[in-house]
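Take a look at the structure set out below.
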Amino acid sequence: MAKNTHDVIVIGAGHNGLTAASYMAKAGLDVLVLEKNEWIGGAAVSRELYPGWKYSNCSYVCSLLRPEIMRDLELYKYGLQIIPYEGSATMMRNGDYYAHYHDHDMTINSIRRHSHKDAEAYERYSRDVLRQCKIIKPLLKMTPPDLTSFKPKDLFGALEFAKHFAAKDELGGLGEKEIYDTIRFYTMSIRDYLDEYFESDITKAHLAGSAIIGTALGPCSPGSAYVLLHHYMGEVDGSVGAWGYSRGGMGSITKAMTGCLNAHGGEVKPDNEVVNVITKNGRAIGVATKKGDEYYAKKIVSNLDVKRTFLKITEESSLPGEFVERVKNFKIRGSSGKLNIALDGLPDFPCIPEGDPGGGGDMHFTETIEEMEGAYDDWKRGEWSRNPYVDMCIPSKSDPTMAAPGKHYMSVFIQYVPFNLANGGWNEERKQEFGRHIVDCISEFSPNFKDLINHYEVRTPLELDNEVGLTEGNIFQGELTMDQLMFNRPVPGYAQYRTPLKNMYMCSSSTHPGGGVMGAPGANAAREVLLDMNIPQTGNYY
Amino acid sequence: MTNDLRFTALKKTPFHSRTSLASRTNKYYNWNGFTVPTEYSTTELEYTAARNGTSVMDLTPMCKYMIKGSDANRFVDYLVTRDLSQMEDNTVAYIIWCNEDGKVMDDGTIFKFSDSKFMLCCAVKIYNWLHDSGEGFNVTFEDATDTTAALAIQGPTSCSTLKNFGADELELLKPFGMKEFHINGYEVLISRTGFTGDLGYELWTDPANAENMWDSIMEAGKELKIRPFGMNALEMTRIEAGFIQTNTDFMAAEDTLRPVRMRSPYEIGMGWMVHLNKESYFVGKQALKKEKEKGNSERCLVGLDIDGDKPAVGSVIYNEKKEDIGIVTAAMWSPTMKRNVALASLRRPYGIKIKENIFAEIYHPEELEYKKIWAKCKIVKRQFFSPERRNKVPADLYE
Chain P
1 MAKNTHDVIV
11 IGAGHNGLTA
21 ASYMAKAGLD
31 VLVLEKNEWI
41 GGAAVSRELY
51 PGWKYSNCSY
61 VCSLLRPEIM
71 RDLELYKYGL
81 QIIPYEGSAT
91 MMRNGDYYAH
101 YHDHDMTINS
111 IRRHSHKDAE
121 AYERYSRDVL
131 RQCKIIKPLL
141 KMTPPDLTSF
151 KPKDLFGALE
161 FAKHFAAKDE
171 LGGLGEKEIY
181 DTIRFYTMSI
191 RDYLDEYFES
201 DITKAHLAGS
211 AIIGTALGPC
221 SPGSAYVLLH
231 HYMGEVDGSV
241 GAWGYSRGGM
251 GSITKAMTGC
261 LNAHGGEVKP
271 DNEVVNVITK
281 NGRAIGVATK
291 KGDEYYAKKI
301 VSNLDVKRTF
311 LKITEESSLP
321 GEFVERVKNF
331 KIRGSSGKLN
341 IALDGLPDFP
351 CIPEGDPGGG
361 GDMHFTETIE
371 EMEGAYDDWK
381 RGEWSRNPYV
391 DMCIPSKSDP
401 TMAAPGKHYM
411 SVFIQYVPFN
421 LANGGWNEER
431 KQEFGRHIVD
441 CISEFSPNFK
451 DLINHYEVRT
461 PLELDNEVGL
471 TEGNIFQGEL
481 TMDQLMFNRP
491 VPGYAQYRTP
501 LKNMYMCSSS
511 THPGGGVMGA
521 PGANAAREVL
531 LDMNIPQTGN
541 YY
Chain H
543 MTNDLRFTAL
553 KKTPFHSRTS
563 LASRTNKYYN
573 WNGFTVPTEY
583 STTELEYTAA
593 RNGTSVMDLT
603 PMCKYMIKGS
613 DANRFVDYLV
623 TRDLSQMEDN
633 TVAYIIWCNE
643 DGKVMDDGTI
653 FKFSDSKFML
663 CCAVKIYNWL
673 HDSGEGFNVT
683 FEDATDTTAA
693 LAIQGPTSCS
703 TLKNFGADEL
713 ELLKPFGMKE
723 FHINGYEVLI
733 SRTGFTGDLG
743 YELWTDPANA
753 ENMWDSIMEA
763 GKELKIRPFG
773 MNALEMTRIE
783 AGFIQTNTDF
793 MAAEDTLRPV
803 RMRSPYEIGM
813 GWMVHLNKES
823 YFVGKQALKK
833 EKEKGNSERC
843 LVGLDIDGDK
853 PAVGSVIYNE
863 KKEDIGIVTA
873 AMWSPTMKRN
883 VALASLRRPY
893 GIKIKENIFA
903 EIYHPEELEY
913 KKIWAKCKIV
923 KRQFFSPERR
933 NKVPADLYE
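Chains as they are written, first to last, in this note's numbering: chain P, 1 to 542; chain H, 543 to 941.
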């Protein structure tokens, strides 16, 4: 029994669990991470399902992972390298295309082909979105204050939060107008927001994509503008809003984190599913695994989403009824699917001229916001979108480690796909039918695409739930709407990574600041655990 | 190599027809009297090529000198501080050389073909100095700068790229090794050397072969993430590798106006290359011996790991009493390591005996105002980036 006792047990070896574990191990704690799958990484994995091809099976691009975390955990030393995107493009049915580039002025020139006014409006739009990014950036690293508490920590926290909201330090203080703008931005639909800047359908459709990826909102749903911000607030080396590939796939991130954890004496045990949190007198004291082992620790940190943590592995009787109700009501709706494709060569996309860096990053074929809303309408009826929004990219164009030279790996993210499929739910046949449908949609823009396919993996929200452990397949571990953000995330009163059970903490994307391969929930949770244990924190993050 | 103009102007390298075609931004730089691209498309992406795929850089403007004659071996050993008596044929060595005062004139690489034939590559022109120093030696000098076309092919996939180009068994070439290849009907010398701190090679050939070599290598690296690479990206990679640059991190002794600005090898982190126990005399030996004995070196060149993410370009370095103790000579945010790094020249004992409580004052421009940042610095090894693949034999292949 003695050897099964640790300082901290982290449930789930996703990127947030590993971030939290690494920070705690660096601070000198004995940390054990228990993972249900035989592999490590949660939704940040690289798996070879077809010999010779590596897939980023779930998450596929990187921008949100905080550079301070990469620096503190020395992820470079353990093999992480980020490769920036070259550009992005939306293909059009008339054979034309719309592209964005790494270079701002090239982007302006490109937009101008579609609308002279939009090209100039893009400057104003970029400024406004960047301003919002600057406001939110310091908030990501903060533990949200409890606005109902009179503890000095919360009062100061609330002031600090408000200060950043007014962005006094970064932006020299915002006027009334900018504060109104911020509130509007957090509550508006992306369609309404973009209409204030742009006239051409293609500009709006290209930009709106970021507002619907992963969410169960449509482009006309209030709150979707924030989802765009959530995808823009990352960076690649100071280039805010830029995205990149993780060399070797997204698994390189969690592999590097595991490297850091191991170097500091921590351990990950794969193939050890936690099925129960052991409690005693309102305290969490350990966990039991499916294999029948018990592990005890001073602190338990759950990287599972809030529903799985409290509705599946914790006895309901040990939790306050109101809390359980709130958790049950937490919105976590799956809306996305994915195809991972092993290609024998580079598919032609005749819309995009050969060698155009616009084709070097994410590619799409949704030309209007109305099409996007139509895709959402299908989801509401419990169907996959007949004309889906796709975010597809070919990481092997930039990353030489995903497939042999001349061979390519393509990642296709699909919006919208329901968790509860109408007319009987998901089965193997319908999953394959969905996969074939997406292949057909892409083939419309690439005549040789089908011929190049060696193998593909189809992922529906059901797989994301069953295999990865994301409830209903929601990639953010909970909808990113104002009622579930900041001090409301995951539920009011429990936004500080602590739970109703003493010594039990949450570090998943269900907590502030939410989803994406960001690591901030993990790092923030580690800070709170260390604070409660009176262990000093060091590093660039804190 | 010729100009269309009849008066003297910046020269074009034998790759100019290709580099100018590859340039999307038309940004050029005057390097040693030649026109070469500062940037082809985006510096970040070019930098990435060197750390992720293959980067291609026109190196032709580097000063290149052939040193030949029965005394060539003895002369080279006399010129440089390092003991090269054990140097093998077909290898390359990193070297520095000093004036008689023991102050560093430049650093560079020396290629040894045989005891009677060497090639010296460096940043600062040295033809005249070679002649002056060579008196009494049976040795001849030839300035090969204009008559040798050179390309740097660097990055993790560079070996595979060059194998596709025709350099068979290149993966077996050791770091600082060199080998003659016969490819596409011409001779190419390939050395496993470079200025990026990564796996990489440098190619040397007759200017007549330049265009064919560029085209063939670009084709060979097509599936290996190849990209032309400009001076801006080179500056990033060399800082990460901790390589010093003459007239940036120290002033070339013979070109320095103010004598107090000259630096000895001990003052720029090059003490390890001064072999005072070398039997024969070398230029500057006496002065260096004295400096070593007295221990009166005044400066040192260190690596800094700086808090925050704002590069400390041109920053003054202070101690905790806010006394000025040195200056940053090169600084950057490292995209590969996600660290804010710099090279700094410090006044001893700072950086040697006193390593704590060192700060950089960073002026970060923000829309016509400066944000003043007082950032804590940690003194670290100057070689910030040195991946395992850099020295691996056989070199990594992508197949």
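In this text, a Cβ means the ideal position worked out from N, Cα and C, and glycines have one as well. Only a predicted model underlies this, so the values are computations on that prediction, with no experimental measurement involved.
Legend entry - Counted within 10 angstroms of its Cβ, other Cβ atoms place E581 of chain H as buried (16 or more) or exposed: buried
Inset, instruction - Determine, using beta carbons only, whether A902 of chain H and V935 of chain H come nearer to each other than 8 Å. - result: Cβ distance not < 8 Å, so A902 of chain H and V935 of chain H don't count as in contact.
Legend entry - Nearest-angstrom Cα separation, counted from G41 of chain P out to Y416 of chain P: 25 Å
Inset, instruction - Enumerate in chain order the residues of its own chain whose CB-to-CB distance from R386 of chain P is below 7 Å, with the five nearest sequence positions on each side excluded. - result: D378
Inset, instruction - Measure how close the beta-carbons of K654 of chain H and F660 of chain H come, nearest whole angstrom, since I'm counting them as under 8 Å. - result: 5 Å
Legend entry - Assigned exposure category for Y226 of chain P - 16 Cβ within 10 Å defines buried: Under this definition Y226 of chain P is a buried residue.
Inset, instruction - Please say whether I848 of chain H and A884 of chain H have beta carbons closer to each other than 8 Å? - result: yes
Inset, instruction - Alpha carbon to alpha carbon, how far is Q628 of chain H from S239 of chain P? Give it in angstroms, no decimals. - result: 49 Å
Legend entry - 7 Å Cβ shell around L530 of chain P - same chain, five flanking residues per side excluded: M24, A27 and Q537
Legend entry - E911 of chain H - containing beta strand (DSSP E), residue span: E911 to V922
Legend entry - Helix, strand or coil at M543 of chain H according to DSSP, with G and I counted as helix: Residue confidence is low: M543 of chain H scores 48 on pLDDT, short of 50, so the model does not pin down where it sits. No coordinate-derived value is stated.
Legend entry - Three or more C-beta pairs below 8 Å linking the segment 324-342 of chain P and the segment 73-84 of chain P: no
Legend entry - Residue range of the unbroken alpha helix (DSSP H) whose run includes V227 of chain P: S224 to Y232
Inset, instruction - Return yes when the Cβ of M506 of chain P is within less than 8 Å of the Cβ of A526 of chain P, no when it is not. - result: no
Legend entry - Inter-residue Cα distance where the pair is M543 of chain H and T567 of chain H: The predicted model places M543 of chain H with a pLDDT of 48, which falls under 50 and marks its position as unreliable, so this point remains unresolved.
Legend entry - For H114 of chain P, the three-state DSSP class (helix, strand or coil): coil
Legend entry - Alpha-carbon to alpha-carbon, T687 of chain H and G248 of chain P: 40 Å
Legend entry - Beta bridge counterpart(s) of H100 of chain P as assigned by DSSP: Beta-bridge pairing by DSSP links H100 of chain P to P:S88.
Inset, instruction - For L485 of chain P, collect the residues of the same chain with a Cβ closer than 6 Å to its Cβ; drop the 5 residues on either side in sequence, then sort them by chain order. - result: Around L485 of chain P: no qualifying Cβ.
Inset, instruction - Check whether the Cβ atoms of N917 of chain H and I896 of chain H sit closer than 8 Å, and answer yes or no. - result: This sequence places Ala at residue 917 of chain H; Asn is not what is there. No, these two residues do not count as a Cβ contact at 8 Å.
Inset, instruction - Identify which residue in H:T623, H:E729, H:E909 and H:R560 has its Cα closest to the Cα of T747 of chain H. - result: H:E729
Inset, instruction - Could you name the residues of the same chain whose beta carbon sits closer than 6 Å to that of G259 of chain P, not counting the 5 residues immediately before and after it, in chain order? - result: Y78
Inset, instruction - Tell me whether N594 of chain H sits in a helix, a strand or coil according to DSSP, three-state version. - result: helix
Inset, instruction - Counting only the same chain and skipping the five closest in sequence on each side, list residues whose C-beta sits under 6 Å from that of A2 of chain P. - result: Low confidence applies here, because A2 of chain P scores a pLDDT of 45, under 50, leaving its location unreliable; read the following figure in that light. Within the same chain, A2 of chain P has no close Cβ partners at all.
Legend entry - Beta-carbon contacts of W639 of chain H that lie in its chain and below 6 Å, excluding the five residues immediately before and after: L621, V622 and M647
Inset, instruction - Could you tell me whether any Cβ in chain P is nearer than 8 Å to the Cβ of N594 of chain H? - result: yes
Inset, instruction - Could you tell me which chain P residues have their CB closer than 7 Å to the CB of M879 of chain H, listed as they occur along the chain? - result: Neighbours of M879 of chain H on chain P, chain order: Y76.
Inset, instruction - Under 8 Å by Cβ, that's how I've got V412 of chain P and K291 of chain P pegged, so tell me the actual separation to the nearest angstrom. - result: Between K291 of chain P and V412 of chain P the Cβ distance is about 36 Å, and since that is not below 8 Å, they are no contact.
Inset, instruction - Would you verify that the beta carbon of M543 of chain H is, or is not, closer than 8 Å to some beta carbon of chain P? - result: Residue confidence for M543 of chain H is low, a pLDDT of 48 falling below 50, so the modelled location carries little weight and cannot support an answer.
Legend entry - Endpoints, the beta strand (DSSP E) within which F653 of chain H is located: V646 to S656
Inset, instruction - Please name the residues in the segment 762-786 of chain H whose beta-carbon is closer than 8 Å to at least one beta-carbon of chain P, in chain order. - result: Result list: E765, L766 and K767.
Inset, instruction - Starting from S411 of chain P, follow the beta strand (DSSP E) in both directions and report where the run begins and ends. - result: H408 to Q415
Inset, instruction - Give the residues of chain H in contact with I83 of chain P, contact being defined as C-beta atoms less than 8 Å apart. - result: Per Cβ cutoff of 8 Å: T590 and N594.
Legend entry - Backbone secondary structure at D377 of chain P - three-state DSSP: Here D377 of chain P sits in helix by DSSP.
Inset, instruction - Determine, using beta carbons only, whether R131 of chain P comes closer than 8 Å to chain H. - result: R131 of chain P does not count as touching chain H.
Legend entry - Helix, strand or coil at F907 of chain H [DSSP, three-state]: First, the residue type needs correcting, since residue 907 of chain H is Pro and not Phe in the sequence shown. Three-state DSSP puts P907 of chain H in a strand.
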